[in-house]
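Q:
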Amino acid sequence: MINKNYTDVIIIGAGQAGLAISYLLTQEKIDHLVFEKKVIGSSWKSQRWDSFKLNTPNWMNFLPGQISARPEDREAFTNHIEFANQLKNYAETHHLPIIENTETRSLTYDSQLQLYRVETYSKNKEIIWYTKQVVVATGSQNQPHIPSFASKLPVHIQQIHAVDYKNPNQLSKKTVLIVGSGQSGCQIAEELSATHKVYLATGKVGRSPRRYRGLDMMDWMNKMGIMDQTTSELKATKSPELTQPQVSGVGPYGHTISLQSLSQKGVILLGRFIDTDSEQLYFDDSLYTNIRYADQFSEVLKKKVDNYIQDNAITAHIDDYIDSADLADTTTTVSLAQKLATTEIDTIIWSTGFRSDFKWIQLPILDDNAIPIHTDGVTSLSSVYFIGLPWLRKKKSGIIFGILEDAEFIVQQIVVSRKS
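Position one of the sequence shown corresponds to residue 65 (our numbering), numbered consecutively onward.
(1) What would DSSP say about Glu100, mapped onto helix, strand or coil?
(2) Taking the alpha helix (DSSP H) that Asn363 belongs to, which residues open and close that run?
(3) In chain order, what residues of the same chain have a beta carbon less than 6 Å from the beta carbon of Pro309, not counting five sequence neighbours either side?
(4) How about the stretch 196 to 213 and the stretch 73 to 84: do they share at least three Cβ pairs that are nearer than 8 Å?
(5) What separation, rounded to the nearest whole angstrom, lies between the Cα atoms of Val364 and Ile355?
(6) Starting from Val403 and walking both ways along the beta strand (DSSP E), at which residues does that stretch end?
(7) If Ala155 sits next to Ile104, beta carbons under 8 Å apart, how far is it from one beta carbon to the other, in whole angstroms?
(8) Quick one: using the 10 Å Cβ neighbour count with 16 as the cut-off for buried, is Lys238 buried or exposed?
(9) Between the alpha carbons of Asn231 and Phe116, how many angstroms are there, rounded?
(10) What is the residue span of the alpha helix (DSSP H) that Asp393 lies within?
(11) Please check the pair Val240 and Asp410, which I expect to be a contact at CB under 8 Å, by giving their CB distance rounded to whole angstroms.
(12) Can you tell me whether Ala265 is helix, strand or coil according to DSSP?
(13) What are the start and end residues of the beta strand (DSSP E) that includes Thr239?
(14) Under 7 Å, do Val475 and Leu88 count as touching if we go by C-beta distance?
(15) For His158, which of Pro428, Thr90, Gly462 and Ile338 has the nearest alpha-carbon?
(16) Compute the Euclidean distance between the alpha carbons of Gly335 and Gly246, then round it to the nearest angstrom.
(17) According to DSSP, what are the bridge partners of Val73?
(18) Taking the alpha carbon of Lys102 as the reference point, which residue from Asn165, Asn143 and Arg277 has its own alpha carbon closest?
(19) Note down the Cα distance separating Asn67 from Glu190, rounded to an integer number of angstroms.
(20) Could you have a look at Tyr346 and say whether DSSP puts it in helix, strand or coil?
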């Protein structure tokens, strides 16, 4: 080859998505390399707090070549450190060609060589690689997002993103505002409620009961085919629910978490955080709407399960316990406060998600906002692919459970392309 730094396929990112692709390419005996900016599964270690557990039960968290369930703890939930270690063991067991501590700085196309040019940086040294095919497996959670108005907050308020939160001892001062009521925001609020005064600025997020009619709700969603809803079906129905619903994997078998259960633990609920100045924090009046939306989302899910059980003549018992966190909030008088003095808050935790960072890809496969343009992970170049994005092909694409199927599909495309 014209350059010793050549391999047939380059995979960028060594999380679960990149490792799955690498395993399948190894089975196909296709030469490839995986470049990882830090270490295998690093985001699971560095971007989660100490007590975090996966929100999906063990039977859903497997990659190609792994046994899909461990009978002794099928419905239990794995700690994030344990899962990161599983990824490392997976790579070592299957002798996957991972190059760690290697940052990918640019992806371009060399028209003269008719190869993709991947500029990497490792150990203070730039190394150029060439390849015929590229799989981008960096995911979409690359850059923590914080609203622009955060810059107007007074300096006495400590600001951290949820990605940097680790445990209650990290926050020496006692009054915390958590912004965002998705899975992370609710779980952090629940943890801090035992040691801190907590305010939670809410948003419009659905809720799922952890268990219903004898099974984890993820079990039912899989049985009913909800996890296999395709991206094209989503677009056709114009479904607004793109985020994962409120739920928690903490505890032996996880538990339901809701805005009202947080309120019962002392968390002070507010509407959406919309602006600030040096003296006041401002919230809208959406709190009641947000509570009702989550309640209704849960009721719809449970009704679907009931109908599925009836339509398929399934023997499923009625729960003999009361899931108090999942009871619709019809009596609580919510705070409609729309202002809060900045002097009341010591720390703000921004649980406001992430933004993607694909600007290093200098190819015509991004839109004006640098968002990947693809169909089922395949770009118009047909030799550059994406994996690990929410709704890449199906609803389950955004979680570990969807990686196996997506990886099999992408590798099939790679094999077909090599033959053409």
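Note that beta-carbon positions come from the ideal geometry of N, C-alpha and C, so glycine has one too.
A: For this structure:
(1) coil
(2) Checking the sequence, you will find Glu at residue 363 rather than Asn. Its alpha helix (DSSP H) spans residues Leu351 to Asp375.
(3) Gly270, Arg271 and Ser272
(4) yes
(5) 14 Å
(6) At residue 403 the sequence reads Lys, which differs from the Val that was named. Note, Lys403: beta strand (DSSP E), Lys403 to Ala405.
(7) 5 Å
(8) exposed
(9) 10 Å
(10) It is not in any alpha helix (DSSP H) - Asp393 carries neither H nor E in the DSSP assignment.
(11) 7 Å
(12) strand
(13) Thr239 to Val243
(14) yes
(15) Thr90
(16) 13 Å
(17) His96 and Gln197
(18) Asn165
(19) At Asn67 the pLDDT is 46, less than 50, meaning the model places this residue with poor confidence; the figure from the coordinates comes in the next sentence. Taking the straight line from one Cα to the other gives about 15 Å.
(20) strand
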